[in-house]
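Reviewing the structure listed below.
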Amino acid sequence: MITRKRLAVGACGLLAALAVGLFPASATAADEPTAKEPPKVDLVLDVSGSMRANDIDGQSRMAAAKQAFNEVIDAVPAEVRLGIRTLGADYPGDDRATGCKDTKQLYAVGPLDRTEAKTAVATLAPTGWTPIGPALLGAAQDLEGGNGSKRIVLITDGEDTCAPLDPCEVARDIAAKGIHLVIDTLGLVPDAKTRAQLTCIAEATGGTYTSVQHKADLSSRVKQLVDRAADPVVNPVATEGAKQCAGAPQLKAGLYSDRETFGEHRWYLVDVLPGQELRASVSIGADRAVNNDYGVLLRATTVHGREIVRGSEAGDGRTDVLSTGLRYPKAEIDGPDSDAKPVPETVCLQVSNSFSAPASVKTTPGMPVELTIDLVDGPDEASDAAAFGLGRGWWLLAVLALAGLLAGLVWGWISRWRISVWRTN
């Protein structure tokens, strides 16, 4: 997985330093950097009839969930905006259409009143259906607005009962919106079908799946996920690559997210100054069932189509993420033009994949792509292989061709000499 840099913290530090240097000590609070937006978490709890089962440490699943929620509410960090949504809590009947709409916001996402939240949870009793898909759509709406981190924590003891609205497809659609909403799932004493569905939901958004057998595990895991939402993270910037280099989006150093369908090529542009080194990496997540034999290609070319350098990775078998990267150092300008204003070279980055899937697997939305761009000072030492440009394919081919030519000439001369000696004797 790509290493996530804590750019948000660094940016705040830089702004603070500029404020101290540019403004007097008597500056008012209005001159200070804007505070970071608080993280939001929506806990989504299954209150369907199956939650009556008494198989978690001698308690019902509902009782264990309530106890865990009370402990989590007590421990929520002050900066987290918490909400609670239920599914299957109100309609006890057999009408499918009505049962599959049974999801509501029990406690609105916002500053937490711990007593009020606990009172709301205490009123819950196992009742109806398991509309996971509609509940996820509702939770995504609960978390709308703002640029802070957003997380849904889904706790359920069974798979969705409201198909054809597949909750896994719902999760992919949410991820495709580029709002960087993560869904974590917890299965209470889950069977194989429930595990598969909850794993798929989590993988679609970069979240995690956890199987829970004991109430202590449930409480500690939910606390951990809520605390994780409060950690400073870097949210990738949503972008959309072009089908060719011309007209591709211009990217700077940073972290970006996109979507790519099976076998697709996407292009992006990066400007590299003389003396800089471009370092790029890409990861594509296989968030659904895929066929064996697949690969990911990251290729840098000139705007005229000449390849500069490439990185690729291939696999055979189920994988969650496939990644590759490349480096391209651009030499300093020497000679009479070295004092002139440097002109950047525009590099085209191509991201391609060779994933395929069975006919039953939906290809839309595309698979998640995460692209990292970094521009650093170029290498100073000639011992650095990148300084020779050996990463560039044509250099390596030229070296191999020259070595082959010399070896052929030497071998031919030795062969002719041996034949001449043999005829003489």
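Quick note: the sequence shown uses the working numbering, first residue 542, plus one each step. Cβ atoms here follow ideal geometry from the backbone N, Cα and C, with glycine treated the same way.
I'd like the span of the alpha helix (DSSP H) that includes GLN738, first residue to last.
Translated into positions along the sequence shown, residue 738 becomes position 197. Where GLN738 is concerned, the enclosing alpha helix (DSSP H) stretches over 733-746.
DSSP three-state label for ASN611, please.
Mapped onto the sequence shown, residue 611 falls at position 70. ASN611 sits in a helix when the DSSP states are folded into three classes.
Unbroken stretches of the alpha helix (DSSP H), 4 residues or longer, contained in the segment 699-738:
Counting only unbroken stretches of 4 or more residues, the alpha helix (DSSP H) elements lying wholly within the segment 699-738 are 708-717, in sequence order.
Quick one, are the C-beta atoms of GLY852 and LEU863 less than 9 Å apart?
Taking the sequence shown and counting its residues from 1, one reaches residue 852 at position 311. Taking the sequence shown and counting its residues from 1, one reaches residue 863 at position 322. Not a contact, by the Cβ cut-off of 9 Å.
State the DSSP-derived secondary structure class of GLU818, mapped to helix, strand or coil.
Taking the sequence shown and counting its residues from 1, the one referred to as residue 818 is at position 277. Residue state, collapsed to three classes: strand.
Spatial distance of GLU657 from VAL831 (CA atoms)
Against the sequence shown, residue 657 aligns to sequence position 116. Against the sequence shown, residue 831 aligns to sequence position 290. Distance between the alpha carbons of GLU657 and VAL831 is about 46 Å.
Excluding sequence positions up to five away, which residues of its chain have a Cβ less than 6 Å from the Cβ of LEU792?
Here residue 792 refers to the residue found at position 251 of the sequence shown. TYR809, VAL811, ILE914.
To which residues of the same chain is LYS607 closer than 6 Å at the C-beta, ignoring the five residues directly before and after it?
As a working mapping, residue 607 is identified with position 66 in the sequence shown. Excluding residues within five positions, the ones whose Cβ falls inside 6 Å are VAL662.
Measure the C-alpha to C-alpha separation of VAL730 and THR668 and round it to an integer number of angstroms.
Position 189 of the sequence shown, counted from the start, is the residue given in the question as residue 730. Position 127 of the sequence shown, counted from the start, is the residue given in the question as residue 668. Taking the straight line from one Cα to the other gives about 19 Å.
Does the Cβ-Cβ distance between GLU620 and PRO580 come in under 9 Å?
Along the sequence shown, read from residue 1 onward, the residue named residue 620 stands at position 79. Along the sequence shown, read from residue 1 onward, the residue named residue 580 stands at position 39. It is a contact, given that the beta carbons lie within the stated cut-off.
Using the rule of at least 16 other Cβ atoms within 10 Å of the residue's Cβ for burial, across every protein chain shown, is VAL588 buried or exposed?
As a position in the sequence shown, residue 588 is number 47, starting the count at 1. Under this definition VAL588 is a buried residue.
Which residues share a DSSP beta bridge with ASN797?
Counting from one through the sequence shown, the residue named residue 797 turns up at place 256. Looking at the sequence shown, residue 797 is not Asn but Tyr. Beta bridge pairing from DSSP links TYR797 with VAL778, LEU912.
If we define contact as Cβ-Cβ less than 9 Å, is TRP963 a contact residue for chain D?
Checking the listed chains, one finds no chain D in this structure; it contains a single protein chain.
Could you check if THR746 is buried or exposed, using at least 16 other CB atoms within 10 Å of its CB as the buried criterion?
As a working note, residue 746 is residue 205 in the sequence shown. Per the 10 Å Cβ criterion, buried.
Measuring CB atoms only, is the segment 695-704 touching the segment 714-732, in the sense that at least three cross pairs come out at less than 8 Å?
Segments in contact, yes.
Would you identify the three-state DSSP class for SER956, choosing helix, strand or coil?
By one-based count along the sequence shown, residue 956 stands at place 415. Residue state, collapsed to three classes: helix.
Are there 16 or more other CB atoms within 10 angstroms of the CB of SER961, so buried, or fewer, so exposed?
What you label residue 961 is simply residue 420 of the sequence shown in a count that begins at 1. The residue in question, SER961, is exposed, as its Cβ has fewer than 16 Cβ neighbours within 10 Å.
Under the rule that 16 or more other beta-carbon atoms within 10 Å means buried, what is ASP701, buried or exposed?
Taking the first residue of the sequence shown as position 1, residue 701 is located at position 160. ASP701 should be labelled buried.
Here's a check: name, in chain order, each residue in its chain whose Cβ is nearer than 6 Å to the Cβ of ILE597, leaving out the five neighbours to either side.
Along the sequence shown, read from residue 1 onward, the residue named residue 597 stands at position 56. If we look at ILE597 and ignore the five residues flanking it on each side, its Cβ neighbours are ALA605, LYS756.
Helix, strand or coil at ASP508 according to DSSP, with G and I counted as helix:
Beyond the ends of the chain as shown, which are 542 and 966, falls residue 508; an answer cannot be given.
Starting from GLU854, trace the beta strand (DSSP E) both ways and give me its first and last residue.
The residue you call residue 854 lines up with position 313 of the sequence shown. Counting along the chain, the beta strand (DSSP E) containing GLU854 begins and ends at 848-856.
Return the chain-ordered list of same chain residues with a C-beta closer than 7 Å to the C-beta of VAL906, the five sequence neighbours on each side being excluded.
Counted from its first residue, the sequence shown places residue 906 at position 365. Note on identity: in this sequence residue 906 is Pro, with Val being the wrong assignment. Cβ-Cβ distances below 7 Å link PRO906 to ARG713, ASP714, ALA717, ARG800 in the same chain, with the five nearest sequence neighbours on each side left out; the list follows chain order.
Mapping DSSP to helix, strand and coil, what is GLU886?
The residue you call residue 886 lines up with position 345 of the sequence shown. Here GLU886 sits in strand by DSSP.
Counted within 10 angstroms of its Cβ, other Cβ atoms place GLY679 as buried (16 or more) or exposed
Translated into positions along the sequence shown, residue 679 becomes position 138. By the neighbour-count criterion, in which 16 or more other beta carbons inside 10 Å mark a residue as buried, GLY679 falls on the buried side.
List the residues that DSSP assigns as beta-bridge partners of PRO618.
Here residue 618 refers to the residue found at position 77 when the sequence shown is read from its first residue. In the DSSP output, where bridge partners are listed per residue, PRO618 has none listed.
Quick check on ASP636: buried or exposed, where buried means 16 or more other Cβ atoms within 10 Å of its Cβ?
Translated into positions along the sequence shown, residue 636 becomes position 95. Burial is judged here by how many other beta carbons sit within 10 angstroms of a residue's own beta carbon; ASP636 has fewer than 16 and is exposed.
Which runs of the beta strand (DSSP E) fall wholly inside the segment 579-604 and span at least 3 residues, in chain order?
If we require 3 residues or more, the beta strand (DSSP E) runs fully inside the segment 579-604 come out as 581-587.
Report buried or exposed for ILE955, applying the criterion of at least 16 other Cβ atoms within 10 angstroms of its Cβ.
If you number the sequence shown from 1, residue 955 lands on position 414. Burial check for ILE955: the Cβ neighbour count within 10 Å stays below 16, so the residue is exposed.
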